[in-house]
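Engineer:
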Amino acid sequence: MKEFLLPVLLLCALCRASVQYPFEESLEFKPLERNNLLASFNFRINSTEFELYEPDDKTFHYSTFSKLLGPILRETNTRELHLRFSQGWYDPEVYGELPLKGKHSGGTGVELWALLEGQNEESVFKDWIKLVNSLSGLFCASLNFIDSSSTTYPATVFQPAAPVLDQGLSLKNDLFLLRSALPREPVCTENLTPFLKLLPTKGKAGISSLLTGHKVFNSQWSSMSIDVTTHCSGTKCHYEMEQFINLILDVPMTLERNRMPIPKPTPGSELKCDPTKPFDAFHCFPLDDISQLEFSLTDLFGKKIQGGALLASRPTKVCADLNLDSWSMEVQTDIQTTPTLEGEKTCFVIEDTNEYNVLFKVKDTKRIKPLKSPPIFASRSLSGYSQDSGGFRIDVKNPTDQDSDIVIFESIPWFVRIYLHTLTLTINSTITHIVSDPQFDQYVKGIIYNPAIDRQKPSHLELLVSIPAHTKIKLSLEFDKAMLLYAEYPPDANHGFEIEPAVISVLDRDSHKVVYEMRTTTALLTLPTPDFSMPYNVIILTSTVMSLAFGSIFNLLTKQTVTEEEAESRAKESRVTRLRFTIKQRVQRIKSLLRRS
Amino acid sequence: MVESAYSILTTGFFIRLAVPALYPQITSILDNSVLFSTPISSFRSLQEGVFLLTNNIDPYAGEVVHFPPLLLVLFSRLRHLNVVFAALDSFIGFLLVQINKNTKYSTKFSSGVVATFYAFNPLAILSTLSKSTTVVNNLSLILLFHFTLQNKFKASIVTLAVSTYLTYYNWYFIVPLMFSVYQSTHSQQAVVRSVILYVASVSALLYSSYILTNNSLRFLYLNYASIVLFKKIVPNIGLWWYFFTEIFDFFSSFYLSVFNIYSFIFVVPLATRFRNDLLFASWILAGFLNFAKAYPTVTDLNLFYSMLILFKVYYKKLRFSPFLSYLGVILILTLLPVFYYVWMSLNSGNANFFYAIGLVLSILQTIIVSDFLWSKIQTEYFESKNLNIDTIVKLTQI
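Line by line, the protein sequences give chains G and E. Note that my numbering has the first sequence beginning at 30, numbered continuously upward. Note that my numbering has the second sequence beginning at 272, numbered continuously upward.
(1) Exposed or buried, E:Q318, counting other C-beta atoms within 10 Å across all chains shown (16 or more means buried)?
(2) Quick one: list the residues of chain G neighbouring E:E319, beta-carbon separation under 7 Å, in chain order.
(3) Could you pull out every residue in the same chain whose Cβ sits closer than 7 Å to the Cβ of E:R546, ignoring the five residues on either side in sequence?
(4) Check whether the region 362-372 of chain G touches the region 404-416 of chain G, taking contact to mean three or more Cβ pairs, one atom from each stretch, closer than 8 Å.
(5) Among G:R63, G:L67 and G:N106, which has the Cα closest to the Cα of G:E83?
(6) Kindly list the residues whose CB is nearer than 6 Å to the CB of G:K401, restricted to its own chain and excluding five residues on each side of it in sequence; keep chain order.
(7) Taking Cβ positions only, does E:S295 come closer than 7 Å to chain G?
(8) Per DSSP, what kind of secondary structure is G:Y50 in: helix, strand or coil?
(9) Rounded to whole angstroms, what's the CA-CA distance from G:D417 to G:R103? Just pull it up for me.
(10) Check each residue of the region 589-604 of chain G: if its Cβ is closer than 7 Å to any Cβ of chain E, include it; give the result in chain order.
(11) Can you list, in chain order, the residues of its chain with a C-beta nearer than 7 Å to that of E:T484? Leave out the 5 residues immediately preceding and following it.
(12) If you draw a straight line from the C-alpha of E:F515 to the C-alpha of G:L586, how long is it?
(13) Which residues does DSSP list as the beta-bridge partners of G:Y478?
(14) So is E:Y611 buried or exposed if we call it buried at 16+ other beta carbons inside 10 Å?
(15) In the structure shown, what three-state DSSP assignment does G:F444 receive?
(16) Under 8 Å, CB to CB, which of the residues in the region 330-341 of chain E have a partner in chain G?
(17) Compare the C-beta of G:V567 against all C-beta atoms of chain E and say whether one is closer than 7 Å.
(18) Return the first residue and the last residue of the alpha helix (DSSP H) that G:I619 is part of.
(19) Residues of chain E with a CB under 7 Å from the CB of G:V574: which are they?
(20) Give every residue of the same chain whose Cβ lies closer than 6 Å to the Cβ of G:Q471, excluding the five residues on either side of it in the sequence, and list them in chain order.
(21) Please name the residue in G:L112, G:G117, G:D120 and G:N149 whose C-alpha comes closest to that of G:K132.
(22) Are G:E527 and G:T555 close, meaning C-beta to C-beta below 7 Å?
(23) By the three-class DSSP mapping on this structure, what secondary structure does G:Y515 have?
(24) Suppose the cutoff is 6 Å on Cβ atoms and the five residues either side in sequence are ignored; what does the same chain contact list for E:G558 look like?
(25) Counting only beta-carbon separations shorter than 7 Å, does E:L644 have a partner in chain G?
(26) Excluding the 5 residues preceding and the 5 following G:L39 in the sequence, name in chain order all residues of the same chain whose CB lies nearer than 8 Å to its CB.
(27) Across which residues does DSSP place G:F273 in a beta bridge pair?
(28) Straight-line CA distance for E:S304 to G:R484?
(29) Counting only Cβ pairs nearer than 8 Å, list the residues of chain E close to G:T571.
(30) Can you name the start and end residues of the alpha helix (DSSP H) that E:T650 belongs to?
(31) Nearest to G:L206 by alpha carbon, out of G:T222, G:T218 and G:V186?
(32) Against chain E, does G:M282 count as a neighbour if the rule is that its beta carbon must be under 7 Å from one of theirs?
(33) Are the C-beta atoms of E:D676 and some chain G residue less than 7 Å apart?
(34) Leaving aside the five residues before and after G:W142 along the sequence, list all residues of the same chain whose C-beta is less than 6 Å from its C-beta, in chain order.
(35) Please report the distance separating the alpha-carbon of E:I363 from that of E:S523.
(36) Compare the C-beta of E:P540 against all C-beta atoms of chain G and say whether one is closer than 7 Å.
This is the structure:
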């Protein structure tokens, strides 16, 4: 047996060296302000080639492309799939612009959009439901709750990422773009595990070995994305899948948590107080963040990189975008590896199965490479304090020197009855235009509005707004809140309902392509709630009042009117009274008979 | 005397103009209050409809607009809505004065009193200022009563057709109207002809709306079916909303039919019983509908309580004087927004508070309606026996 094993092992080693699969992975670190660190994991996988319209019984070989995902995409005629899992709050004032221009970051919760091919809207919608149900099982997320009441058909944003599809190939049917989001979905470890299972390394080797649930979701902000696109040349097509995990880690906090898993207050002797402000035994203004740090990947992720992804077409690459004046990066592994400078970044590659750890030494964490400021700042809030009505308010600021065109995309659930005629625009908090003003059109160039239908369709609003340089605008919109039926309220109805984030895309002024994309936070909306303990009381009380009214009016309309005397005399004559009288007499007689005996 | 009535109504008109001029927020305040607006009739959904219509977005694609297409087109043409609503409401006052003159009751108030009662009626003023389309509905009903009283049946049938087109419940009034037609002509053919005219006018209105909305029947669903099926569950002063929020899904359709039958149930009996006084029957019907219909507002109540002034002849035999019941209604109507506010804004009370006061309002209206019915029945008895109305005879029913 042993004689056989050696050649097999040798053969395997040769295979590894020679056969390469269409898979790439890379990891990049970028220090941010206030001791935050952006870790960006990127994986790319291509499938083998196939033809779009092949018979069902044909077998496919998926190679490194996940066999979990491939059949789902084929079954539902999905040509593009974009899935986002995010949590935490991204503060652009501290973190700068979103990684990758925001194209791979979603809003809080789960977001999904896909390009489906089909004959008509109905058949496509059926496929969409099939798709979300399959993905729900695959990613352990509540995607199965997606139905027509949360699905929109975006018109100007979320447009197909791979237009190759329309050019090279004549499609048999039309393409439909569908989108939905679940803002209430808590993103958790159980979503990460299937995410890693899609990779050929399965989280056992390469950079994906760093990703463990409790460390990933301890981050300040995290976003996982999957984008599958179909690329065709001639009749041959293949899927390209890109997976991103972007994390923002608060380094001192992570180190502190390693040192002390159960947080305790810092003892007085270890407090560093600001000497410029008054301090004594009871008062202490803590000093600014720590500026000297030394941390490694094990500190951040609790693990080392378990060797490279050897089946990848390119060796695993780890880079860091550092200001080398105060930051240094040291690779700790069995063989001598020194990171090299590639353009702006310090990088090294992993081509063996050794464990790798990276040590960062920082003299002054405040000295980082300048962060790019986002082209737009935006936030959305709810106005009004009543449970029966309210308003949305979106503030957008253009900090750049150029005018910018943006698209605000909103998908609002049906129980929020929005009034479009109340749409108001305020520029620099001075000039206000309502939607019917002619000046309004100078700023808002286009409105796409698909009103909601109860329990069937959300309101879908896309606003094309042009914001002059260095200008703040405020858009406000009023709405009423509908009441739901008893059974439609979720458990803990008084918690409120999450309204999914507004998506704000900055367009290129010439090509009208999206150059930057961001999302606001979710909004928590409280609806009027009935008293859930009341059904029987309400049924009884309402019915009583109704029958009271019915009874009294019915009597008045049907009975005969007489004087009281007449009523009494008639009562004496009536058959019932006579009957009662005879019965009384009989009873009396029987009683007297009994007494006698 | 009549001249003075007109000058009082003109004063009323100017009050209705002056208040929104001095205090422009009043419309949005009233429009947002639970008393004066429902999703079916609120001014903001009318504005939304007009806005969507003028911007070439189909107003019937969504579920915010519940107005018939012709009304929407009309309002998209109208300017100076303050003046329009003030004029419409003053016209209701004028018609009330006319109806008061034309009734055959032995005792009635003078035109001046009727005019004063309407012109300075807080309910009427607030209803006008809320700019709800129910004002138009009220006008159509008052106009119907006016024409019927003058035996102008063709005009009243067309008015009723328009009225039906505006609001679902108004077709109930076809029954008392047909009784009136029969009473004055004593020919069944005239009744059949009237029904045909009515059906034809309603169909004409519906067909023109169908054409107007690009051959879509969705407006039918939004205007009428959403009322019958109670599609918009929003708190109001009626009995339906809490019942259908709380009822188990399984029973929902059964109770929908029960509630709809309930709202219709007294239409025929009232008209048959009070064949000789169909104005009274219609008025009682309006009063009954105020708590039996799906989306009542104070503007609906206003029609009933404004017409109360016409029936002075029945005041004598009432158990509670109209002044007392009016005060009771006003008291409940002030409590309602308070409890609504406690529930919606302060969060210190829940839906039950508002619901309970709504129930009390319904009970109060039941009492008022049945009190007037009993008074009417007693008066009829005295008349049939040729007794003086002041004779002390205790009546009862068996």
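We put the beta carbon where it would ideally sit given N, CA and C, even for glycine.
Structural biologist: Once the coordinates are examined:
(1) buried
(2) Y448, L449 and H450
(3) F450 and Q454
(4) no
(5) G:N106
(6) G125 and E126
(7) Per the sequence shown, residue 295 of chain E should be read as Pro rather than Ser. So no, E:P295 is outside the interface.
(8) strand
(9) 45 Å
(10) Q589, T590, V591, T592, E593, A596 and R599
(11) Y331, P340 and F490
(12) 30 Å
(13) G:L490
(14) buried
(15) coil
(16) A332, G333, E334 and V335
(17) yes
(18) R604 to R625
(19) L510, L630, S633 and I634
(20) none
(21) G:L112
(22) no
(23) helix
(24) F575 and V640
(25) yes
(26) For G:L39, the pLDDT reaches just 48, beneath the cut-off of 50, and the residue's location in the model is therefore unreliable, although a value from the coordinates is still provided. Cβ within range, chain order: n/a, list empty.
(27) G:N71 and G:S254
(28) 25 Å
(29) L510, Y513, F514 and L630
(30) A622 to S655
(31) G:V186
(32) no
(33) Within the shown structure, residues of chain E are numbered from 272 to 669, placing residue 676 of chain E beyond reach of any answer.
(34) H111, F187 and R208
(35) 38 Å
(36) yes
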